[in-house]
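A.B. asks: Have a look at this one.
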Amino acid sequence: GAVVSQHPSWVICKSGTSVKIECRSLDFQATTMFWYRQFPKQSLMLMATSNEGSKATYEQGVEKDKFLINHASLTLSTLTVTSAHPEDSSFYICSARDITSGGPTGELFFGEGSRLTVL
Amino acid sequence: DAKTTQPPSMDCAEGRAANLPCNHSTISGNEYVYWYRQIHSQGPQYIIHGLKNNETNEMASLIITEDRKSSTLILPHATLRDTAVYYCIVRVNQAGTALIFGKGTTLSVSS
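So the protein lines, in turn, are chains S and R.
Note that this note's numbering has the first sequence beginning at 1, numbered continuously upward.
Note that this note's numbering has the second sequence beginning at 120, numbered continuously upward.
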């Protein structure tokens, strides 16, 4: 299947700093990517929908000024956690849909996830 | 809120078939049933999806009832590596539509 890659896989940062996480579709193009976060022993929670060339759409309760999303190309979306605090420590996961494969029933592919720890 | 109901946990012996049920009684006519799994500390992995017909691929089989109100994911010969959280999700198949995850079923395969 198609490959979605995230970088970094894990990151530790000090409180108050900003952290950028990249999500790349390696062998396909994606006009839409989705960002999720997952706290320990909980399910994935959708944070935002990232659209190439336009502003992201955020889910209710997600601060758009804190979680900056940029989708500058058909293969790259970035999530920047600004002024990170310990409560932002989580597992961040992106997903993307191949716009060229399988017609309307194409599945979403997920990255390996990025674990953020804020000290 | 997720539109599906799954048992929180199931056990299966290695080599036996694992049958994971999912109820989606409010599914709409244009919604597909998707199954993903998440192995600890990894991103979710696509397994299979279907609309109304039963589906089979190299990983699993998906059985959807005629009224589409429930489905069963079948792993024919479970291995230890199949231990994971399995998510059943219903979703309209449109490009901008995300997957909304429920709590899933934790499948534990033991030898």
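The beta-carbon is built from N, C-alpha and C at its ideal position, and this holds for glycine as well.
1) Helix, strand or coil: which one does DSSP assign to S:G103?
2) Can you tell me the Cα-Cα spacing of R:V228 and S:G53, whole angstroms?
3) Just to confirm, is the Cβ distance from R:M178 to R:I166 under 8 Å?
4) Using a Cβ-Cβ distance cut-off of 8 Å, determine whether R:K171 contacts chain S.
5) With 8 Å set as the bound, which would you pick, yes or no: does the beta-carbon of R:K122 sit closer than that to a beta-carbon of chain S?
6) Is there a Cβ of chain S sitting closer than 8 Å to that of R:I219, yes or no?
7) So, using beta-carbon positions, are S:H34 and S:S83 closer together than 8 Å?
8) Could you tell me whether any Cβ in chain S is nearer than 8 Å to the Cβ of R:P126?
9) Does the distance from the C-beta atom of S:S77 to that of S:H85 stay below 8 Å?
10) Is the beta carbon of R:I183 sitting closer than 8 Å to the one on R:N173?
11) Looking at the C-beta of R:H159, does it have a partner C-beta in chain S at a distance below 8 Å?
12) With contact counted as at least three CB pairs below 8 Å, one residue from each stretch, are the segment 138-157 of chain R and the segment 218-228 of chain R in contact?
13) Under DSSP, the beta strand (DSSP E) around S:L68 begins and ends at which residues?
14) Of all the CB atoms in chain R, is at least one closer than 8 Å to the CB of S:S43?
15) Do we get a CB-CB distance below 8 Å when we pair S:L119 with the residues of chain R?
16) For R:P163 and chain S, any beta-carbon pair shorter than 8 Å?
17) Return helix, strand or coil for R:D130, following the three-state DSSP convention.
18) Just verifying my parser: in three-state terms, what is the DSSP assignment at S:L79?
19) Could you spell out the range, first to last residue, of the beta strand (DSSP E) harbouring S:Q29?
20) DSSP three-state label for S:L108, please.
21) For S:Q42, which of R:L199, R:A137, R:V204 has the nearest alpha-carbon?
22) If you measure from the beta carbon of S:L49 to each beta carbon in chain R, is any gap under 8 Å?
23) Starting from the C-beta of S:K20, find all residues in its chain whose C-beta is less than 6 Å away, skip the five residues before and the five after it, and write them out in chain order.
C.D. replies: Looking at the coordinates:
1) Annotation note: pLDDT 48 at S:G103 (below 50); position unreliable, coordinate value reported separately. Helix.
2) 44 Å
3) For R:M178 and R:I166, yes; Cβs fall inside 8 Å.
4) no
5) no
6) yes
7) Correcting the residue identity first, residue 34 of chain S is Phe in this sequence and not His. No, these two residues do not count as a Cβ contact at 8 Å.
8) no
9) Contact flag unset, no.
10) yes
11) no
12) yes
13) 67-73
14) yes
15) The C-beta of S:L119 comes no closer than 8 Å to any C-beta of chain R.
16) yes
17) strand
18) strand
19) From DSSP, S:Q29 is part of no beta strand (DSSP E); its letter is neither H nor E.
20) strand
21) R:V204
22) This sequence places Thr at residue 49 of chain S; Leu is not what is there. Yes, S:T49 lies at the interface with chain R (some Cβ there is under 8 Å from its Cβ).
23) T78, T80
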